[in-house]
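In this note's numbering, the protein residues as written are 3 to 125.
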């Protein structure tokens with residue numbers, strides 16, 4: 003038996019701390035697995051509303067609106083959550099993001115991440 007386990011068993015306070023650390027570590031590692039499995043196809047359908055500003059394939063034609071196509075999935079999800087929480091402020095995106103569930107955000111992020119972007123003039 004490992005020394006840490008035997009010491010923890012003799013000291014209930016230490017056992018609680020050890021158990022808490024192990025449980026916390028598992029939550030951090032397993033949390034992404036337990037969350038919604040992103041569905042890029044569902045994100046494609048949901049992205050119809052995004053196309054008004056960001057373009058039908060996530061390539062904006064407006065200089066003040068960012069491209070979403072090809073952005074890393076985690077980045078898009080984090081930005082949408084920041085708009086939703088008010089941590090990131092934008093008049094339009096704040097309103098749009100407030101209506102998105104975690105599943106919507108995961109699906110949209112998955113969709114935009116799957117769009118392949120090539121530099122202009124490259125095939």
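Positions of the beta carbon are idealized from the N, C-alpha and C atoms, including for glycine. Fair warning: this is a prediction, and the values are worked out from it, not measured in the lab.
Specify, as a first and last residue, the run of the alpha helix (DSSP H) that residue i falls within.
{"i": "residue 52", "result": "Where residue 52 is concerned, there is no enclosing alpha helix (DSSP H), given that its DSSP letter is neither H nor E."}
{"i": "residue 93", "result": "93-100"}
{"i": "residue 107", "result": "104-116"}
Does the beta-carbon distance from residue i to residue j come in below 8 Å?
{"i": "residue 96", "j": "residue 85", "result": "yes"}
{"i": "residue 106", "j": "residue 40", "result": "no"}
{"i": "residue 111", "j": "residue 78", "result": "yes"}
{"i": "residue 60", "j": "residue 69", "result": "yes"}
{"i": "residue 139", "j": "residue 55", "result": "Nothing about residue 139 can be reported from this structure: the residues present for the chain run from 3 to 125 only."}
For residue i, tell me which candidate among the options has the shortest Cα-Cα distance.
{"i": "residue 67", "options": "79, 45, 93 and 48", "result": "93"}
{"i": "residue 80", "options": "41, 104 and 65", "result": "104"}
{"i": "residue 119", "options": "89, 83, 62 and 87", "result": "62"}
{"i": "residue 53", "options": "122, 98, 123 and 121", "result": "98"}
For residue i, does the three-state DSSP call read helix, strand or coil?
{"i": "residue 81", "result": "helix"}
{"i": "residue 86", "result": "helix"}
{"i": "residue 47", "result": "helix"}
{"i": "residue 39", "result": "coil"}
{"i": "residue 28", "result": "Note that residue 28 scores 47 on pLDDT, short of 50, meaning its location in the model is unreliable; the coordinates nonetheless yield the value given after this. Residue 28 falls in the helix class under three-state DSSP."}
{"i": "residue 15", "result": "helix"}
Worksheet item: Between the stretch 65-79 and the stretch 114-125, do at least 3 Cβ pairs fall closer than 8 Å?
Response: yes
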